[in-house]
Amino acid sequence: MSLIAAPELRFCDRAAIQPYLQQIDEWLLPGAFYGAQHTWPQLYRSDGDGRFCALFDGERMLSHCAFRIATAHTECGARRVGMLGSVATDPEFRGHGFAQRVVRASLDACRQSGATSALLWAESPNLYTHCGFGPGADETCCVIESSGGALTADVVRLATIRDHAQLCALHEQKPLRLDRSPRAMSALLTTPGLFTYVLERDSDVIAYACTGKGADLHGWWHEFGGPDLDVAALLPRALELAGHSQAIVIVPPYRTTLVPALGSACIEVATVAGPMVAALTDEVAAAVFVDGLDSV
Ligand SMILES: CC(C)(COP(=O)(O)OP(=O)(O)OC[C@H]1O[C@@H](n2cnc3c(N)ncnc32)[C@H](O)[C@@H]1OP(=O)(O)O)[C@@H](O)C(=O)NCCC(=O)NCCS
6 MSLIAAPELR FCDRAAIQPY LQQIDEWLLP GAFYGAQHTW PQLYRSDGDG
56 RFCALFDGER MLSHCAFRIA TAHTECGARR VGMLGSVATD PEFRGHGFAQ
106 RVVRASLDAC RQSGATSALL WAESPNLYTH CGFGPGADET CCVIESSGGA
156 LTADVVRLAT IRDHAQLCAL HEQKPLRLDR SPRAMSALLT TPGLFTYVLE
206 RDSDVIAYAC TGKGADLHGW WHEFGGPDLD VAALLPRALE LAGHSQAIVI
256 VPPYRTTLVP ALGSACIEVA TVAGPMVAAL TDEVAAAVFV DGLDSV
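Rendered as structure tokens:
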């Protein structure tokens, strides 16, 4: 391993990170069909609002963290939150504290931008515990089976661009969510690898469900809109159309009637670790739930 005397910490915008996207893909998504840009569009697409903190040796990137500031609707009202992700270090330079430096600097930048807490999905918590993150709330998920569903006049079909405004309206009805402009919602709904199904009744779209997202969340149904009963009617039929015989459904905490409404379509319920949370002010971090399309 080469020794780097003093790597330089820099904040980059989307244009400055562009030349390093292939490297970020190799570090984070080796061998994946879709890269970071198609998996986390809010961070990496040119119309996204991602910010990037990295250590460099000259023009060589050694370690990297991406983040964006979002508005979360929580039980305590609206809060600014930092959404961190894409933490990666060049394999040649791992174990030297580089990732900790970019994560800490990103947290400082989030605090300076008014975020009261930061969230991060971690496969292994060690690194982030060192940086001030603690475990977040557990989340419920369930395994469901596909079925033709009850015989009703409701139509289940793939969403089209004409549905985007209604899907945005359904998103805005959720009590816990991250804010999205109609434009951001539309951009998210066109993410490659994402399939969005809608339940249509009397020509109105009343529920939606999403699976897949770039290289992430395949086999997971990670975002829904509409009343629980309608989501429960939609899901088993959407699975069938998607060709999933079974799939995992992430159940938001406020959807207390979804699992009962799924009935025999639900074959198992379990808890999984939610995103880790770092409090950035003295305020106790308010519980946030992040739909799959907003995960980074
Ligand atoms: C995880 C990763 C970013 C660590 O980078 P690094 O510069 O070596 O990290 P640091 O030297 O700052 O910190 C090392 C700490 O990270 C921990 N760590 C190692 N691999 C880890 C992993 N996959 N996830 C989280 N923490 C990890 C180590 O346990 C170590 O903690 P310790 O000192 O208590 O043992 C690097 O291994 C990497 O790029 N992995 C591939 C991409 C990835 O998995 N990113 C994490 C997404 S959640």
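Read in order, the letters of the sequence shown correspond to residues 6 to 301 in the working numbering. Idealized CB from N, CA, C, for every residue including glycine. Since the structure is predicted, the reported quantities are computational estimates derived from the model, not experimental observations.
Note to self: If you follow the beta strand (DSSP E) that Y49 is in, where does it begin and where does it stop?
What the structure shows: Premise fails: Y49 lies in the alpha helix (DSSP H), P46 to Y49, not in any beta strand (DSSP E).
Notebook entry, point to check: In whole angstroms, what is the alpha-carbon distance linking S191 and I166?
Noted result: Their Cα atoms are separated by approximately 8 Å.
Next item on the list: Rank R188, I211 and E144 by C-alpha distance to the C-alpha of Q47 and give the top, closest one.
Entry: R188
Notebook entry, point to check: What separation, rounded to the nearest whole angstrom, lies between the Cα atoms of T261 and A83?
Noted result: 22 Å
Next item on the list: List the whole-angstrom C-beta distance separating L240 from A214, where the pair is believed to meet the contact cut-off of C-beta under 8 Å.
Entry: 6 Å
Next item on the list: Could you tell me if the beta carbon of R106 falls within a distance shorter than 8 Å of some heavy atom in ligand 3?
Entry: The model on display carries ligand 1 but not ligand 3.
Item checked: 9 Å Cβ cutoff met for D143 and V277 -> Remark: C-beta atoms of D143 and V277 approach each other more closely than 9 Å.
Checklist line | Any 3 or more C-beta pairs closer than 8 Å across the region 264 to 281 and the region 158 to 177 | finding: no
Item checked: C-alpha distance - T134 paired with V148, whole-angstrom precision -> 30 Å
Check: Y202 and A243: beta carbons closer than 9 Å?
Finding: yes
Checklist line | beta strand (DSSP E) segment containing I29, residue limits | finding: Segment L26 to L33 is the alpha helix (DSSP H) holding I29; no beta strand (DSSP E) there.
Check: Does the Cβ of F98 lie closer than 8 Å to at least one heavy atom of ligand 1?
Finding: yes
Note to self: Within 10 Å of its beta-carbon, does I211 have 16 or more other beta-carbons around it, so buried, or fewer, so exposed?
What the structure shows: buried
Check: Which whole-angstrom value describes the C-beta separation of A41 and Y49, a residue pair presumed to lie in contact below a C-beta threshold of 8 Å?
Finding: 5 Å
Item checked: DSSP state of L181 mapped onto helix, strand, coil -> coil
Margin query: If distances are taken between C-alpha atoms only, which option among G100, H69 and A77 comes closest to A110?
Written below: Of G100, H69 and A77, the residue nearest in Cα terms is H69.
Next item on the list: Would you please verify whether the beta carbon of A278 is less than 9 Å from any beta carbon of chain B?
Entry: Among the protein chains of the structure shown there is no chain B, as only one such chain exists.
Next item on the list: Please list, in chain order, all residues of the same chain as F200 whose beta carbon is under 8 Å from its beta carbon, the five residues on each side excluded.
Entry: L163, C215, T216, G217 and A247.
Next item on the list: Since I believe R73 is in contact with M88 (beta carbons under 8 Å), could you give me their beta-carbon distance rounded to a whole number of angstroms?
Entry: Correct: roughly 5 Å between the Cβ atoms.
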